[in-house]
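Below is one structure, written out as structure tokens, with a few remarks after it.
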């Protein structure tokens with residue numbers, strides 16, 4: 001269909017763009033035979049869980065911008081996520097330069113500027129997609145304009161190649177150091193703070209924690225000050241992360257199973 005590209009604002013033929021990369025869906029549904037194609041969609045907004053084959057996508061970008069998202073972000077990141085035949089980043093991170101270790105976390109510098117920028121571009125592109133349009137038809141709360149204007153302007157310039165880095169933006173990529181036996185993908189959530197916003201999402205084996213805003217606090221600025229790309233990699237167990245426990249508790253106590261999933265639960269309880 002023809003329309004205005006949400007990123008470059010040119011009148012072009014628009015691509016049916018996926019919110020989260022199609023390759024992630026494929027990895028979860030096809031790459032782990034023990035789970036088959038039984039992807040469970042968990043909606044915190046609707047407090048539900050159900051099997052689904054639906055993928056979140058919209059006519060959002062022109063072919064050039066969609067190609068840039070693939071070339072500069074997805075192609076640099078997705079080969080390193082957890083897959084049945086291995087988890088490349090979990091192995092590669094051990095060769096990165098170490099910054100520090102805190103409790104069960106070890107923080108590392110990226111291996112190169114190109115590595116850092118690829119992961120930053122990918123994270124920013126996902127955050128930008130969240131706020132550029134409304135995805136509520138896919139079980140999420142209204143997402144359009146959920147990220148503040150100054151950050152979205154900075155994100156857009158970076159994604160278009162007009163700036164080397166998005167201003168006032170910091171990324172930590174958490175890399176699971178345990179076996180990834182339950183592949184998962186989490187759509188971005190936005191937590192609002194006075195001087196910044198915290199945007200979090202995950203793909204198999206990786207959790208992206210993006211901070212954006214004019215005043216992220218002295219602690220964040222001090223932590224990222226030795227790093228010119230504002231990107232760190234963090235090795236830790238994702239199953240011990242508070243966000244994982246929150247999701248597990250949600251599934252146990254609040255989520256209502258629907259459709260075939262509900263029938264399976266009922267059969268098990270008979």
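Numbering (UniProt numbering), first residue to last: 1 to 270. Idealized CB from N, CA, C, for every residue including glycine.
- For residue 176, the enclosing beta strand (DSSP E) stretches over residues 169-176.
- C-alpha of residue 225 to C-alpha of residue 194: approximately 21 Å in a straight line.
- Linking residue 72 to residue 240 through their CA atoms gives a straight-line distance of about 31 Å.
- If you draw a straight line from the Cα of residue 155 to the Cα of residue 11, it is about 21 Å long.
- Under the criterion of beta carbons closer than 8 Å, residue 66 and residue 17 qualify as touching, at roughly 6 Å.
- For the set 206, 28, 14, the Cα lying nearest the Cα of residue 59 is the one of 14.
- A straight-line Cα-Cα distance of about 9 Å links residue 168 and residue 196.
- For residue 92 and residue 28, the gap between their C-alpha atoms comes out near 22 Å.
- Relative to residue 76, the option among 102, 21, 109 whose CA is nearest is 21.
- Contiguous alpha helix (DSSP H) elements confined to the segment 128-210 occur at 149-159, taking only those with 4 or more residues.
- Taking the Cα positions, residue 143 is about 31 Å away from residue 110.
- Residue state for residue 98 is assigned as strand, using DSSP reduced to three classes.
- Within the model, the alpha-carbon separation for residue 107 versus residue 114 is close to 18 Å.
- Here residue 16 is bridged, per DSSP, to 59.
- The continuous alpha helix (DSSP H) containing residue 222 extends over residues 218-224.
- With respect to the C-alpha of residue 97, the residue from 242, 232, 147, 187 having the closest C-alpha is 232.
- DSSP places residue 89 inside the alpha helix (DSSP H), whose first and last residues are 88-92.
- Bounds of the beta strand (DSSP E) holding residue 235 are 231-236.
- For residue 105, the beta-bridge partners assigned by DSSP are 102.
- Taking 7 Å as the cut-off, the beta carbon of residue 230 is found no closer than this to the beta carbon of residue 158.
- The alpha-carbon of residue 227 is positioned some 10 Å away from that of residue 99.
- Take the alpha-carbon of residue 102 and the one of residue 137: they are about 40 Å apart.
- When the five nearest sequence neighbours on each side are left out, the beta carbons in the same chain lying within less than 7 Å of the beta carbon of residue 184 are those of 202, 204, in order along the chain.
- When C-alpha distances from residue 166 are compared across 117, 175, 146, the shortest belongs to 117.
- Note on residue 26: under 16 other CB atoms within 10 angstroms of its CB, so exposed under the neighbour-count rule.
- Between the alpha carbons of residue 237 and residue 130 lies a gap of roughly 27 Å.
- Residue 6 sits in coil when the DSSP states are folded into three classes, being neither helix nor strand.
- For residue 104, the CB contacts under 6 Å within the same chain, skipping 5 residues up- and downstream, are 236 in chain order.
- In the structure shown, the three-state DSSP call for residue 212 is strand.
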